[in-house]
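These protein sequence lines map, in sequence, to chains F and V.
When you line the first sequence up against our numbering, it's residues 6 to 378, in that order.
When you line the second sequence up against our numbering, it's residues 4 to 150, in that order.
Every residue, glycine too, gets a C-beta built ideally from N, C-alpha and C.
If you're wondering where the values come from, they're calculated on a predicted model, not measured in any experiment.
Let me begin by presenting the structure, written as structure tokens, before commenting on it.
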Amino acid sequence: MKEGYKGLGVLMDAPDGPNAAIREMLRKGHERGACDAILVPMKVPSGDSYMHVLVDDVEMLDRAAPISPVLTVQGARAVTSLTRRGDEGVCIAAVMRPCEAEAVIELRKLFQVDLEHITIITMDSPGTVPLQDFARDPEEGERVFAEALATWDDSAMRPICQTCEKSNSAVGDLHLGLRGVQTGKVLLIPQGEKGLEAIAKLGLTPDHPIDEWKQASDKAMARKRGTRKANHEDLRKRASGLSGLLDLLGACINCHNCMRVCPICYCKQCKFDSPELRNTSSDYLDRADRSGSLRMPSDMLLFHMGRMSHMVLSCVSCGACEDACPTGVPVAQLFSLVAHDAQERFEYMPGRSSEEKRPLVTFEFEEFSEVED
Amino acid sequence: MADKKKKEAGYEPKILSFCCNWCSYAGADLAGVSRLQMPANFRTIRVMCSSRVNPVYVFTALERGADGVIVTGCHPGDCHYARGNYFTRRRQALLEKVLEEIGFDRERVMLRWISASEGPEFASTMEEFDATIRSKGKNPLSEEVFL
Chain F
6 MKEGYKGLGV LMDAPDGPNA AIREMLRKGH ERGACDAILV PMKVPSGDSY MHVLVDDVEM
66 LDRAAPISPV LTVQGARAVT SLTRRGDEGV CIAAVMRPCE AEAVIELRKL FQVDLEHITI
126 ITMDSPGTVP LQDFARDPEE GERVFAEALA TWDDSAMRPI CQTCEKSNSA VGDLHLGLRG
186 VQTGKVLLIP QGEKGLEAIA KLGLTPDHPI DEWKQASDKA MARKRGTRKA NHEDLRKRAS
246 GLSGLLDLLG ACINCHNCMR VCPICYCKQC KFDSPELRNT SSDYLDRADR SGSLRMPSDM
306 LLFHMGRMSH MVLSCVSCGA CEDACPTGVP VAQLFSLVAH DAQERFEYMP GRSSEEKRPL
366 VTFEFEEFSE VED
Chain V
4 MADKKKKEAG YEPKILSFCC NWCSYAGADL AGVSRLQMPA NFRTIRVMCS SRVNPVYVFT
64 ALERGADGVI VTGCHPGDCH YARGNYFTRR RQALLEKVLE EIGFDRERVM LRWISASEGP
124 EFASTMEEFD ATIRSKGKNP LSEEVFL
């Protein structure tokens, strides 16, 4: 976890809860010229979902839900769509979860976003409600989420959130510490020059030690690491051997939704959607001849393995893939398991720093001698 | 029926070898012109550099029933493109990790450095890899239906 600026933050009043406090801060920031527009989640009019919206008129901020109960379009995708044509000098404050911000940083390394004038605001995340549960019963979803936000009990949140040890990571230029901060307050933690600049424009001075928040965070994250380990061990057992893996992925209907919603899968043309994988009937017949029969359409396992090898080192375990899966394949948990071990092998942590190079575009002269067998 | 019997009778492993244009392919060529004995069950795909081999190529080969895949390139420091094989090594490390995670026998893939002058090494590598694959038997993926 990155340290806040000299270990100091700003203790802000939040009598009406963290959402209202963030809205107030955004309004003030806009007023004082810290940003020209704000990218923030907002409830859709039908009330059954939330989307990132670009707010130009601050009056609209009343409807914003900075800490939304669900993760719909991954925030990094929203930022990409905003800055795809490059930076135009418009200052935008983007409010998102730590996992979304980590994906933004990965996309920056992949030249898919321009962060020159974007200030990212993150907050301690209590997790999010499974998307399909929320769509089925939004009212219940809101209730469950409000409870999780108040108590930090994540047992009703998505499985991937329950095992997320980075849900309190101060990734953004400004991070809002909520955990372990006294009731009715939030702790605003600035990071780097952008964070300090933003805080100066807000007319605030970092003077409150962040230790209490950090201790509470570290403790909670240690607990989550324990949950993750247990979850990974269980998953490894279920996915052990090829038949276990094929059972786990058995319900996959080749819709490729997981790829389409993945913030890291930015390619315009995915190899697995391309004509390259279209074979002739006799090719398939040959393969069917070998195994007796062949699932059609084929290449389900190849798609998952291939996508894994392409993006797993940058996987931030945001869980968008699992939310998007219509058949309930625990794809995010599987990818998170592989991601964890693969990233460990390369001593790489996606979203840690935008200066850090992605593992496959760099090398050391002496390394990985075990693969040269 | 006749086909099935034939299948069971003589198991010949199918091995795919990726050879880089500048070193390993020339090494293979040297092994050939030197008339060195080696198994005839590998098919070679020549690539300009070993780092050209995307892990997906290896997965595709395995999914489509190849029993083993070997990637060969110039020795570190000797890459025609100066640094390509260092990237290959990283790709291989990732590839093997992913295979290991999904419970696939990662010894079915191999990375070797073979220079243009190492004809005998090319032949012995193929012998060795063929023996490894033979001892492992058929690629389990070639018998799966729900791929």
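CA nearest to the CA of PRO103 of chain F, picked from F:LEU365, F:THR367, F:SER358, F:PHE370: It is F:SER358 whose Cα lies nearest to the Cα of PRO103 of chain F.
Any C-beta of chain F under 8 Å from that of THR63 of chain V: Interface residue, yes.
LEU19 of chain V at chain F interface by Cβ criterion, 8 Å: Taking Cβ atoms only, chain F never reaches closer than 8 Å to LEU19 of chain V, which makes this a no.
Beta-carbon gap between ARG265 of chain F and ALA225 of chain F smaller than 8 Å: No, Cβ-Cβ distance for ARG265 of chain F and ALA225 of chain F is not below 8 Å.
Residue interval of the alpha helix (DSSP H) (run including ALA83 of chain F): For ALA83 of chain F, the enclosing alpha helix (DSSP H) begins and ends at 80-88.
Terminal residues of the beta strand (DSSP E) in which TYR14 of chain V lies: TYR14 of chain V -> no beta strand (DSSP E), and no H or E assigned at all.
Close Cβ partners of GLN79 of chain F (< 7 Å) along its chain, the five nearest in sequence each way excluded: Excluding five sequence positions before and after GLN79 of chain F, the CB atoms of its chain that fall closer than 7 Å to its own CB belong to GLU105, ALA108, VAL266, PRO268, CYS323, ALA325, given in chain order.
Boundaries of the beta strand (DSSP E) in which LEU181 of chain F is found, first to last residue: 179-182 is the extent of the beta strand (DSSP E) around LEU181 of chain F.
Near-chain F residues of the segment 35-53 of chain V (beta-carbon distance less than 9 Å), N- to C-terminal order: Correct list: empty, as no residue qualifies.
Spatial neighbours of ALA256 of chain F in its chain, beta-carbon cut-off 6 Å, leaving aside the 5 residues before and after: Sequence-distant Cβ neighbours of ALA256 of chain F in its own chain, meaning closer than 6 Å and more than five residues away, are THR332, VAL334.
Residue nearest to THR367 of chain F in terms of C-alpha spacing, selected from F:GLU377, F:VAL376, F:PHE351, F:SER374: Of the candidates F:GLU377, F:VAL376, F:PHE351, F:SER374, the residue whose Cα lies closest to the Cα of THR367 of chain F is F:PHE351.
Secondary structure of ARG283 of chain F, DSSP reduced to three states: If DSSP states are grouped into helix, strand and coil, ARG283 of chain F belongs with coil.
Short CB-CB distance (under 8 Å) between SER303 of chain F and chain A: No chain A appears in the structure shown, which is made up of the protein chains F and V.
Contacts around ALA119 of chain V, its chain only, beta-carbon distance under 6 Å, and the 5 residues preceding and following it disregarded: Counting only Cβ-Cβ distances below 6 Å, and skipping sequence neighbours, we find CYS26, ALA29, GLY30.
Minimum C-alpha distance to ALA155 of chain F - residue among F:ILE72, F:ASP119, F:CYS96: Looking at the Cα atoms, F:ILE72 is the closest of the given residues.
Length of the line joining the Cα atoms of ASN173 of chain F and HIS57 of chain F: Roughly 21 Å separates the two Cα atoms.
Bridge partner(s) assigned by DSSP for ILE97 of chain F: In the DSSP output, where bridge partners are listed per residue, ILE97 of chain F has F:ALA42, F:ILE123.
Assigned exposure category for CYS166 of chain F - 16 Cβ within 10 Å defines buried: Its Cβ being crowded by 16 or more others within 10 Å, CYS166 of chain F is buried.
As assigned by DSSP and simplified to three states, the class of MET6 of chain F: Low local confidence applies: a pLDDT of 41 at MET6 of chain F is under 50, so the model's placement there is unreliable, with the coordinate-based value given in what follows. Of the three classes helix, strand and coil, the one that applies to MET6 of chain F here is coil, per DSSP.
TRP116 of chain V - DSSP class collapsed to helix/strand/coil: In the structure shown, the three-state DSSP call for TRP116 of chain V is strand.
Cβ neighbours of LEU16 of chain F in the same chain (closer than 7 Å, five flanking residues each side left out): Within the same chain, LYS190, LEU192, HIS213 come within 7 Å of LEU16 of chain F by CB-CB distance, once the 5 residues on both sides are set aside.
Beta carbon of ARG300 of chain F nearer than 8 Å to that of VAL59 of chain V: The beta carbons of ARG300 of chain F and VAL59 of chain V sit no closer together than 8 Å.
Under 8 Å between C-beta atoms of LEU31 of chain F and ALA140 of chain F: Taking 8 Å as the cut-off, the beta carbon of LEU31 of chain F is found no closer than this to the beta carbon of ALA140 of chain F.
DSSP bridge partner residues for TYR55 of chain F (one or two, in chain order): According to DSSP, TYR55 of chain F bridges with F:LYS48.
Cut-off 8 Å between Cβ atoms - residues of its own chain near LEU318 of chain F, not counting five sequence neighbours on either side: Its chain contains ALA344, ALA347, GLN348, PHE351, TYR353, PRO355, ARG363, PRO364, LEU365 as the residues whose beta carbon lies nearer than 8 Å to that of LEU318 of chain F, once the 5 sequence neighbours on both sides are disregarded; these appear in chain order.
Residues of the segment 271-283 of chain F whose Cβ lies closer than 7 Å to any Cβ of chain V, in chain order: Residues of the segment 271-283 of chain F whose Cβ lies closer than 7 Å to any Cβ of chain V, in chain order: LYS276.
Members of the segment 99-128 of chain V near chain F, C-beta cut-off 7 Å: If the cut-off is 7 Å between Cβ atoms, the segment 99-128 of chain V has GLU99, LYS100, VAL101, GLU104, ILE105, GLY106, PHE107, MET113, LEU114, TRP116 near chain F.
Min CB distance SER145 of chain V to chain F below 8 Å: Yes, because at least one Cβ of chain F sits closer than 8 Å to the Cβ of SER145 of chain V.
Proximity below 8 Å, CB of LEU150 of chain V to CB of MET47 of chain F: No Cβ-Cβ contact shorter than 8 Å links LEU150 of chain V with MET47 of chain F.
Span separating the alpha-carbon of THR85 of chain F from that of ALA42 of chain F: Those two C-alpha atoms are separated by around 16 Å.
Residues of the segment 254-272 of chain F with Cβ closer than 8 Å to any Cβ of chain V, in chain order: If the cut-off is 8 Å between Cβ atoms, the segment 254-272 of chain F has GLY255 near chain V.
Members of the segment 104-130 of chain F near chain V, C-beta cut-off 8 Å: Under the 8 Å Cβ criterion, the segment 104-130 of chain F contributes no residue.
contact_flag[the segment 104-122 of chain V, the segment 246-260 of chain F] where n(CB pairs < 8 Å) is 3 or more: Contact holds between the segment 104-122 of chain V and the segment 246-260 of chain F, because three or more Cβ pairs, one in each stretch, are under 8 Å apart.
Nonlocal neighbours in the same chain, by C-beta distance under 7 Å from PRO42 of chain V, ignoring five residues either side: Excluding five sequence positions before and after PRO42 of chain V, the CB atoms of its chain that fall closer than 7 Å to its own CB belong to MET129, GLU130, ASP133, given in chain order.
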